[in-house]
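Trainee: Below: one structure in structure tokens.
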Amino acid sequence: MRDTRNFFRIAGMILLGIFVLAVVLPLALKVVGITLGLIIGLAILLIKVAVTLAIAYLVLVGIRALLR
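Okay, structure coming up:
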């Protein structure tokens, strides 16, 4: 259980880092002059990852509740 908690902490930090990168990256790329399509693509990818992780977490919690 302790390892699982540590895993979720590390995964949360990584996702927070990706989120911050997705927010800061558009500003940095706008300065450099990269197109908006890449930024929108990254945002959509980030949303897909978040939804997938949320569904996986709900399934994991459901299985855990059934095993108790």
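The opening residue of the sequence shown carries number 4 in my numbering; numbering runs sequentially from there. Here a beta-carbon is modelled for each residue, glycine too, at the ideal position from N, C-alpha and C. Just so we're clear, the structure is a prediction, and the values are computed from it rather than from any experiment.
Can you list, in chain order, the residues of its chain whose CB lies under 6 Å from that of leucine 45, leaving out five sequence neighbours each side?
Mentor: Once the five neighbours on either side are set aside, the close Cβ partners of leucine 45 are Ala25.
Trainee: Just the Cα atoms here: how many angstroms apart are lysine 33 and valine 23?
Mentor: For lysine 33 and valine 23, the distance between alpha carbons rounds to 16 Å.
Trainee: Would you check if the distance between the CB atom of leucine 1 and the CB atom of isoleucine 13 is smaller than 8 Å?
Mentor: An answer regarding residue 1 cannot be provided, because it is not within the stretch 4 to 71 covered by the chain.
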